[in-house]
Each structure stands twice: as C-alpha cells, then as structure tokens.
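Shown next, in structure tokens, is the structure this report addresses.
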Amino acid sequence: MQRRIYLETYGCQMNVADSELMLGQLHRAGYERTEEAADADVILLNTCAIREHAEQRIYGRLGELTRHKVRRPGVLLGVAGCMAQHLKTRLLEKVPAVDLVVGPDGYRDLPALLDGARDEPTLAVRLSRDETYGDLAPARADGVRAWVSIMRGCDKFCAFCIVPFVRGRERSLPLEEVLRQVEHAGAEGFKEIVFLGQTVNAYRDGEDDFASLLRRADAVEGIARIRFTSPHPSDFTDRTLEALADCRKVMPHVHLPLQSGSNRVLDRMRRIYTIEEYEELVARLRAAVPGLALSTDIIVGFPGETEDDFEATRDAMRRVGYDSAFLFKYSPRPGARSAEWDDDVPDAEKTRRITILIEEQKQASLDRNAAVVGQDVEVLVEGPSKRNPEHWFGKCRRFKTTIFPRRNEAVGDLVTIRIAAASPYTLFGEGVPSSLRAMEDATP
Ligand code: SF4
1 MQRRIYLETY
11 GCQMNVADSE
21 LMLGQLHRAG
31 YERTEEAADA
41 DVILLNTCAI
51 REHAEQRIYG
61 RLGELTRHKV
71 RRPGVLLGVA
81 GCMAQHLKTR
91 LLEKVPAVDL
101 VVGPDGYRDL
111 PALLDGARDE
121 PTLAVRLSRD
131 ETYGDLAPAR
141 ADGVRAWVSI
151 MRGCDKFCAF
161 CIVPFVRGRE
171 RSLPLEEVLR
181 QVEHAGAEGF
191 KEIVFLGQTV
201 NAYRDGEDDF
211 ASLLRRADAV
221 EGIARIRFTS
231 PHPSDFTDRT
241 LEALADCRKV
251 MPHVHLPLQS
261 GSNRVLDRMR
271 RIYTIEEYEE
281 LVARLRAAVP
291 GLALSTDIIV
301 GFPGETEDDF
311 EATRDAMRRV
321 GYDSAFLFKY
331 SPRPGARSAE
341 WDDDVPDAEK
351 TRRITILIEE
361 QKQASLDRNA
371 AVVGQDVEVL
381 VEGPSKRNPE
391 HWFGKCRRFK
401 TTIFPRRNEA
411 VGDLVTIRIA
421 AASPYTLFGE
431 GVPSSLRAME
441 DATP
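Numbering-wise (the working numbering), the sequence shown opens with residue 1 and increments by one.
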C-alpha cells in the first residue's frame, strides 16, 4: 500500500523550496502527500531555527503530533531543517517520540533514512561542501510562482546569524541545472520564477555569475517574471546591475537587507559594508532600474546599540525610503557569535525603538503606495482574495499586493489595473468598495 507523508513547513522560502525537494524525493519512493496528520504514515516538520520562539513553537507542535504515534504506533515522526541541524541529538533526547532528525544536506537520502528510522532513532546531520540537489526534481505546489534554489549555505558569518552553521558553506547549482529547472517550471505553467539563496547574488558556477544567470533565465520561453531573494549588499557587481537594467523579465524590486544604519553596529554585526557603501549601492540600483521598489530587514537592539546608533538607523531608513521593511527585535541565537555578548539593550527599550520604526515605515509605505494611485500597474493574477472571493489578488511588478474586482481573468493572467486607492500594505484597483478596503488590506 502507498505510504502517506504529512509535511509542515516553517520559516523562510528556502525551507518552502526544500520541502518541495523532499516531496519530490518521497513521491519517487512511492509516498503520496496527505493534508491530514491523522492519516499519515510519516509526519515530518521542516523547521526554522532563526529565532528562539520558532523553536518553542516546534516543540509545542511535536508534543501535539506525538498523539498520532500513540494511536498508531507505526507512524514515524521526523524533524528536518535548520532546527534539526542546530540541535542534533539534543532533539532526540528532548523529544523521545522523534524517530528521525535530518539536516538540510540530508534530503537526497530521505526515503532510506525513513526506512532506517523504523528500526532505531536516526540522525543525519552531516553538512556537505558540495550538495546542491541540482539534479533532483522538486514536487512544486500549485500556483503561479516557482521557487528555485540556486545556491545553498552562506560564507558571510554575520555575528547574529546561525545560517552558516546550520546550512553549511556557500555552493551554487550548475547554471545548466538552474536553467533546466526554470524551463521545466515554465513548461508546468508557472509564470514567475523566484531565485533563492541566502546570498543569492553571490551565485557562481565557474565563469558564470549571477548576471549570466539572470540573462540566460530572461530568455526562457513561457516565464513572464523573474525575482530573487535575498541578495547581500556586498555581492552586487556592475555586471549584475547591468543585467538588472537589461533583463525585461527581471522585476523592479530588490529586497536589500540593511540590518542597521550605524557603521559601528554594522561592523560589530560583520555585515562587511558601511552605510555610505550601502546608500551608494541604492543610488546605483535606482539609476539602473528606474522606479525600483526596495524592501529591507532591520534589527533593533543589537548588543551595544546606543541611542545614537538607533537614530542612525532611523535616519538611514528615512534617507533610503523603503517600500516595506521587516523589523525585528534582536534576540541571541545560541551558536551565533553575538550570543556570547551581553544582550544589553533592555526589552522595553527594544520595544520602544521598534515601535518608532514600525510607525515611521508604515507612513513611508503609505506615502509610496499613495503615489501609485491613478496609475496603471501590471498584476499577475494569483487567485481569489481570501477575504472576498469576488476580488482577485496578485502582485504588481514592484511586488506590492494588489486587490481588484474579478471579471473574466484567469489565474496566471497578466492584467493591467488602474489603482484607485492604497494602504501601507495593499494597492486597490478601481471597483473595490471603500467599505471593503480595510477588510482586504493585506496587513503583514
Ligand atoms: S549573509 Fe549573514 S544574515 Fe544572511 S544568511 Fe549569511 S550569515 Fe546569515
């Protein structure tokens, strides 16, 4: 009888892509996916370790899922992803119901690992210097957007981050494998490709760099849009900027993590750029791609962050003018370099600082979105709005969520929408009643 796999994914898009990779491997080994943990022969959680509360949530979820093992003793419970790699045997010790702990470089052998875990608890957490899974076909979820991991791991070792320790050293997929995946996704009907990597623009395959990759992908038939996330500011070359300017399908949006606007903090974070270099890059990006939308990540309350440092971040955010920002309060991650330092900004102060940034960014996002009102934007239709099935939702070229009334469009169509109203998080096409706009707002 066919075995059934139930898989939950936590964390970033790299994990979403890894889950599709695991499902591809499991399908080939004869598993089918089930949406009900109660029906599953194997329950797998693909986990995140980026923040403490992410781990607490997984422990809670493992506790709940253990009941399926109690009811059906043959059920296997596995933990994959960054938390598995981070905790290793400690996870098996802490949750005895877990049968398999598999890190991000162990997915090629997943079916065999599961077979082994039927006999004894199994640990597969060896990091690889060369595993890219470039030759494996993922089982992609339905939709208009295909995630394609083009590189894995990270060599940057930012002080607050454990990614280099849980995902290993940086390595890129061969260019031809990436293009094969893009062509395959296009043939399957995906309209948009998102290239993924921890430092995606550090991509390199021999002589071919990220710029070559963008140019080659731009020529693939069937694909309408190309995006990428997340680039590192220090890895943007002139060649990549020229490719961004030239490639018609590469969308005018860059997520460019800043983390802090203070050089003192950037140095302690080991971000390897100064705020001056960052802002110069922003100017070059905007010159290369007129109308470019920018989003970012910011950490407040990093160890040693003074009021002056915080004000420097606040000023930098104002000067750059982001379309959106992911704002985080610093929390130490065991294993990261900064976890050895005194977490000396009190939580109440972190809250005060982040609240200021949230409010200021909200206004900045609103101002930038309001500037689009009255203009026509091209939207890729993703599906009916969750809040009102009479409306479609999709992303415009600059990656802003756009809601508009359904007519006779279909999912996957590119349509031109006249924007009638805007909130900090959403653009509304003509015909969305003002009474429904607040309800439709895609507040993060
Ligand atoms: S660049 Fe820094 S923050 Fe990003 S994954 Fe690498 S170490 Fe982590």
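Idealized CB from N, CA, C, for every residue including glycine.
If you're wondering where the values come from, they're calculated on a predicted model, not measured in any experiment.
- Our two residues, Val265 and Phe157, have alpha carbons roughly 15 Å apart in a direct line.
- Taking Arg352 as reference, the option from Ser260, Glu307, Lys386 and Ala54 with the minimal CA-CA separation is Glu307.
- Taken from the Cβ of Cys154, at least one heavy atom of ligand 1 lies inside 6 Å.
- In terms of CA proximity to Val178, Ser149 leads the group Gln363, Gly103 and Ser149.
- For ligand 1, no non-hydrogen atom lies closer than 6 Å to the CB of Gln375.
- The shortest C-alpha to C-alpha distance from Asp155 to any of Arg270, Tyr278, Val432 and Leu292 is the one to Arg270.
- Going by DSSP, Asp308 is part of the alpha helix (DSSP H) stretching over Glu307 to Val320.
- With a threshold of 16 other beta carbon atoms within 10 Å, Ala364 meets it and is buried.
- Excluding the 5 residues flanking it on each side, Arg397 has same chain C-beta neighbours closer than 8 Å at Arg225, Met251, Pro252, His253, Val377 and Glu378, in chain order.
- Residue side-chain check: Thr199 places its Cβ nearer than 6 Å to a non-hydrogen atom of ligand 1.
- Taking a C-beta distance under 7 Å as the contact criterion, Gln375 and Ile417 do not qualify as a contact pair.
- Of the heavy atoms belonging to ligand 1, none sits nearer than 6 Å to the Cβ of His391.
- Residue state for Asp246 is assigned as helix, using DSSP reduced to three classes.
- Where Asp297 is concerned, the enclosing beta strand (DSSP E) starts and stops at Ala293 to Val300.
- In this structure, DSSP gives Gln2 a state outside helix and strand, which the three-state scheme calls coil.
- For His232, no alpha helix (DSSP H) encloses it, and the DSSP letter there is neither H nor E.
- Counting C-beta pairs closer than 8 Å gives fewer than three between the segment 277-297 and the segment 342-349, which falls short of the contact rule.
- Beyond the five residues adjoining it in sequence on each side, Leu196 comes within less than 6 Å, by CB distance, of Gln13, Met14, Ala17, Trp147 and Ser149 in the same chain, given in chain order.
- If you draw a 10 Å sphere on the C-beta of Pro138, you find 16 or more other C-beta atoms in it, and that means buried.
- In the DSSP assignment, the residues bridged to Asp205 are Asp208.
- Relative to Ile5, the option among Val282, Ala40, Asp323 and Asn201 whose CA is nearest is Ala40.
- In this structure, the alpha-carbon of Leu436 lies about 42 Å from that of Ile162.
- Rounded to whole angstroms, the gap between the alpha carbons of Lys249 and His27 is 32 Å.
- For Thr89, no beta strand (DSSP E) encloses it; the enclosing alpha helix (DSSP H) starts and ends at Thr89 to Lys94.
- With respect to the 7 Å criterion, Val432 and Glu409 are not classified as neighbours on the basis of their beta carbons.
- With a contact defined as Cβ atoms closer than 8 Å, Glu440 and Asn388 qualify at about 6 Å.
- Apart from sequence neighbours up to five positions away, the residues of its chain that approach Asp413 with a beta-carbon distance below 6 Å are Val381, ordered along the chain.
- If you check the C-beta of Cys82 against ligand 1, you find no heavy atom less than 6 Å away.
- The segment 226-244 makes contact with the segment 191-208: 3 or more CB pairs, one atom from each, lie closer than 8 Å.
- Under the three-state reduction of DSSP, Pro405 is assigned to strand.
- Per DSSP, Gln375 has no beta bridge partner at all.
- Out of Arg215, Pro334 and Glu360, the CA that lies nearest to the CA of Asp323 is found in Glu360.
- In the DSSP assignment, Phe328 falls within the beta strand (DSSP E) that extends over Ser324 to Lys329.
- Across the structure, Asp246 and Ala283 are spaced so that their CA atoms are roughly 17 Å apart.
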